[in-house]
Amino acid sequence: DELCNKTILIDESLRYDNIDELENFFNKALKGNSSTAPESKITPPSVPNVDSYDLKEGDSFERVFLIQKVLGKGGYSKVFKVHQQLQGESFTLKLFHESVNAQSVIDEFKALKSLNHPNIVKFVTNGKSSDGQFYTIMEYLEGENLSIYTRTDARLPIKRVYEVAKEILSALVAMQSLDKPILHRDVKPQNIVWDNEKRFVLIDFNVASFADDNNDFVGTNPYLAPDLIIDGTKIKWNTSADTFALGITLYELLCKQYPWAPGKMPILSKEPIHPKQIEERLSNDFAEFILKAINPKSEDRFASAIDMLDALVAIGEDGILESKKVQVDPQIETTEQEDFVIDRYKNW
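At position 16 of the sequence shown the residue is numbered 284 (our numbering), and the sequence of numbers has no breaks.
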């Protein structure tokens, strides 16, 4: 009221003389208010104070993503299905354990950002949460990883195993064909997802590295080529490391056991169990292809993904199963015989 009255008075002598007097009035008014009434603040909506690594369904991550589901947890990270409401899309959030250093996140980022392939999980972005944990956002894949076919009674049809080999080899070829080749270094059933039962996708690049970058002992022991291990503490990484790991994966999918069972480690001095001893339907060519892939000596196995893919294509989908002779009644006409054989083959 005082401000209004003193600015509209008719008598000039009673008005404020200058801007300094007006400013002085405002300062006194503000001081008076601060001592008698709390300052009014606009506060954002409250969000539960949840540690990022303990997130659960219904929690919010960085006020952007809604946690829909916990997908898995490992030594390096915890993985969630999240929903970005603004875009109306679901993504995969990988939240790294606090013990993981920044370089691991950077390595995964460098590996994924340079790759664009239908059989490699697509990278979206990465960052550091408000409570200091590193994270990566990737496309969401709808489906199970292939360990369900190696750790349970569920069986992946042999022709699907051929597709796994062809598609993951295609992904590895893309990685190894870059100006600076990338090694995945942890190919295994758990790191291959059958997305909507339409395509097989290679995931989990957190230990991926550029070829010859380092000799870190990483990966999963049953899938490590034994001849590349140095003194039990380092690994001399090369492109055959990923083809060996894929070979072990294919063997497990086909035979439902490890090549050197009952052990779970490859043995340089011992031959693996021949695949046809377990899965008689395999053709000799496809069985030998698998054995070459898992040979524990570098000079005797596929040196690169392109070598392995070329050998697979040469066998072809029609060459992975053993031909089965069908007895045909000589009384049946030729065209009828052909139809009969085809029908018998389809039902076999």
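By construction, the Cβ of each residue, glycine as well, lies at the ideal position given by its N, Cα and C atoms.
Can you have a look at residue i and say buried or exposed, based on whether 16 or more other CB atoms are within 10 angstroms of its CB?
i, result
"ALA529", "exposed"
"ASN369", "exposed"
"PHE473", "buried"
"THR501", "exposed"
"GLN355", "exposed"
"LYS456", "buried"
"GLN353", "exposed"
"ASP375", "buried"
"VAL432", "buried"
"VAL332", "exposed"
"GLN458", "buried"
"GLU547", "buried"
"THR360", "buried"
"SER445", "exposed"
"SER398", "exposed"
"ALA422", "exposed"
How about residue i and residue j: are their beta carbons less than 8 Å apart?
i, j, result
"LEU514", "ILE503", "no"
"LEU521", "THR418", "yes"
"PHE348", "LYS337", "yes"
"ASN394", "ILE405", "yes"
"ILE388", "LEU470", "yes"
"GLY400", "ASN464", "no"
"GLY487", "ASP454", "yes"
"SER537", "GLY587", "no"
"THR507", "ALA476", "no"
"ILE460", "ASN483", "no"
"ALA439", "HIS385", "yes"
"PHE402", "VAL373", "yes"
State the DSSP-derived secondary structure class of residue i, mapped to helix, strand or coil.
i, result
"MET533", "coil"
"THR507", "helix"
"GLY587", "helix"
"GLY400", "coil"
"PHE570", "coil"
"PHE554", "helix"
"LEU580", "helix"
"LEU470", "strand"
"PRO520", "One detail in the question is off: residue 520 reads as Glu in this sequence, not Pro. In the structure shown, GLU520 sits in a helix (DSSP, three-state: H, G or I)."
"ASN369", "coil"
"LYS381", "helix"
"ILE405", "strand"
"ASN489", "helix"
"ILE498", "strand"
"ASP322", "helix"
"ILE388", "strand"
"GLN355", "coil"
"VAL429", "helix"
"GLY343", "coil"
"PRO564", "coil"
"ILE673", "Nothing can be reported for residue 673: it is not among the residues displayed for the chain, which extend from 269 to 616."
"LYS434", "helix"
"LEU514", "helix"
"ASP651", "Residue 651 falls outside the range modelled here, since the chain spans only 269 to 616, and no answer is possible."
"ASP575", "helix"
Tell me which residues share the same chain as residue i and place their Cβ nearer than 6 Å to its Cβ, disregarding the 5 neighbours each side in the sequence.
i, result
"TYR526", "LYS532"
"TRP505", "LEU451"
"MET443", "ILE450"
Determine which residues share a DSSP beta bridge with residue i and list them.
i, result
"TRP528", "In DSSP, TRP528 forms no bridge with anything."
"PHE478", "ILE450"
"TRP374", "Here residue 374 turns out to be Ile, not Trp, going by the sequence shown. Its beta-bridge partners do not exist; DSSP assigns none."
"MET443", "Answer is none; MET443 lacks a bridge partner."
"PHE348", "VAL338 and LEU361"
"ASP463", "ARG467"
"GLY395", "TYR403"
"PHE329", "PHE333"
"ASN413", "VAL461"
What does a CB cutoff of less than 7 Å around residue i pick up in its chain, not counting 5 residues either side in sequence?
i, result
"PHE557", "ALA579, LEU580 and ILE583"
"MET576", "LEU437, THR511, ALA561 and PHE570"
"GLU435", "ASN387, ARG467 and PHE468"
"VAL623", "Residue 623 lies beyond the residue range present for the chain, which begins at 269 and ends at 616; the question has no answer from this structure."
"ILE541", "PRO527 and ALA529"
"TRP462", "GLY411, GLU412, LEU414 and PHE468"
"TYR408", "LYS349, SER358, PHE359 and THR360"
"LEU380", "PHE391 and PHE473"
Using a Cβ-Cβ cut-off of 8 Å (strictly less than) and excluding sequence neighbours within five positions of residue i, which residues of its own chain qualify?
i, result
"SER345", "LYS362, LEU363, PHE364, HIS365, VAL368 and ASN474"
"ARG549", "ILE426, LEU589 and GLU590"
"ILE535", "PRO494, TRP528 and PRO564"
"GLY340", "LYS346 and VAL347"
"ASN489", "LYS532 and MET533"
Would residue i count as contacting chain B if we go by Cβ distances under 8 Å?
i, result
"GLU407", "Looking at the structure shown, chain B is missing, and only one protein chain is on hand."
Using a threshold of 7 Å, is the CB atom of residue i nearer than that to any non-hydrogen atom of the ligand ATP?
i, result
"LYS381", "The ligand ATP is not part of the structure shown, which contains no ligands of any sort."
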